[in-house]
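In this note's numbering, the protein residues as written are -4 to 306.
Note that beta-carbon positions come from the ideal geometry of N, C-alpha and C, so glycine has one too.
One structure is given here, and the rest of the page talks about it.
Given below as C-alpha cells:
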C-alpha cells in the first residue's frame, strides 16, 4: 500500500529491501560530513553497540529573526541533552544521522507509520528492548541542515513534532520503561512543549496581575517567576550563541545578539502557538503529514566553512 503518505511509511518500504547490516537515515536536504560513515563504522566496531545517534546542526543562524533561537535549540539538544537522555536510558532519537542494526529494526517491526515523530517513538522502543545506544557529537562532523525558511513553515514543523509527542504520550508505550527515572524523563520530554506554552502565557498574565491587582508583595514577586525563568534562559542563549559561533568559526556580532534577545519573547509565542495547534489537531484526530519545505539555506555557508577549514 502507498498509504499513509509520510516518512515512516517510506522508510518501512526501504527496510523491506535493505540488505546491509546497518540501517541509516538521512533526510534529502541533509549535508552529512564526508567521513561520517567511517566514523560510525569505527564507533560501532569499537563499542559493540546497536544504535548510534550522531549530531545534527542547523547552520543558517542569521537568515531570519527566529533562526538564531532555532539553531540554538539544535545546538543544545544534540551537544548536551541527548547525552543526558542516553545516560538515563530514555533516548528520543533524532530523525536522521541515526544508525541501527537492521536485524534489530526488523525485530521491532520498523517505524510506527501512524506517528508523526517516528524517530522519538523508535528511540523509546529501543530503550524498552534494552538496545545498546551510543550518542556521539563533534562540531566538525555534524550533519548540517537548515531552519524552516518562513514562520508558517516553522509553525507547521513544530506542530508536527509536538503532535507526535502527544501521540507517543497517549499511546503509553513509554510506561514500559523499567525505571521510574526513565518514565519521569519521558513524561517531561513528551509534555515539555505544552509546559512551555503554559509558562509563556503566564508571563503577560503575571505582568497584568502585578500592575492591576492588589496583591501581597511576596505573592506579587512570585507571579514574576515565569518571567525570571525567561530572563535566565535568554542569558543562557547568549552564551550558547557565542559558543556556536566560536566552534563553527564565525564572527561574533552584537547586532545579531540584540536581534536574538529582542526575538526571544516572540519566539516563545511561536513555540506556544505550535504547541496549542498540535493539541487542537490531536483532539480533532487530524494526523496528516505537514511536510517542511526546504530551499538549501545551509549549503553555501557550510560549504564555504569546510573549504576554509581544509585550507
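Proximity to residue 174 across 85, 145, 227 peaks at 85, based on C-alpha coordinates.
In this structure, the beta-carbon distance from residue 66 to residue 77 does not fall below 9 Å.
Note: residue 20 is bridge-paired with 93 in the DSSP secondary-structure output. In the DSSP secondary-structure assignment, residue 53 is bridged to 140. Put simply, of 94, 64, 149, 135 the residue whose alpha carbon is nearest the alpha carbon of residue 252 is 64.
When beta bridges are read from the DSSP output, residue 242 appears opposite no residue. Rounded to the nearest whole angstrom, the C-alpha separation of residue 108 and residue 237 is 39 Å. For residue 155, the secondary structure class from DSSP, reduced to helix, strand or coil, is helix. With respect to the C-alpha of residue 135, the residue from 207, 13, 185, 49 having the closest C-alpha is 49. With respect to the C-alpha of residue 245, the residue from 164, 57, 117, 266 having the closest C-alpha is 57. Judged by DSSP in its simplified three-state form, residue 85 adopts coil rather than helix or strand. Boundaries for residue 263: no beta strand (DSSP E) harbours it, while the alpha helix (DSSP H) harbouring it runs 249 to 279, taken from the DSSP string. By the Cβ-count criterion, residue 20 is buried, with 16 or more other Cβ atoms from all chains shown falling within 10 Å of its own Cβ. The C-beta of residue 121 has 16 or more other C-beta atoms within 10 Å across all chains shown, which makes the residue buried. In this structure, DSSP gives residue 292 a state outside helix and strand, which the three-state scheme calls coil. With contacts defined by Cβ atoms closer than 9 Å, residue 171 and residue 130 do not form a contacting pair. For the 9 Å CB-CB criterion, residue 94 and residue 51 do not form a contact. Following the DSSP letters along the chain, one finds residue 47 inside the beta strand (DSSP E) bounded by residues 46 to 48. Each residue's CA atom was taken as its position, placing residue 278 and residue 150 some 18 Å apart. Under DSSP, residue 26 takes part in a beta bridge, and its partners are 139. Residue 146 and residue 61 have their alpha carbons spaced roughly 8 Å apart. In the three-state scheme derived from DSSP, where H, G and I count as helix and E and B as strand, residue 131 is classed as coil.
In this structure residue 292 is in contact with residue 141, their Cβ atoms being roughly 4 Å apart against a cut-off of 8 Å. Around residue 232, the same chain offers 67 as residues with beta carbons nearer than 6 Å, after the five sequence neighbours per side are excluded. The DSSP-derived three-state label of residue 198 is helix.
Relative to residue 39, the option among 112, 11, 128 whose CA is nearest is 128. Rounded to whole angstroms, residue 187 and residue 37 show a C-alpha spacing of 35 Å. For residue 99 and residue 111, the gap between their C-alpha atoms comes out near 21 Å.
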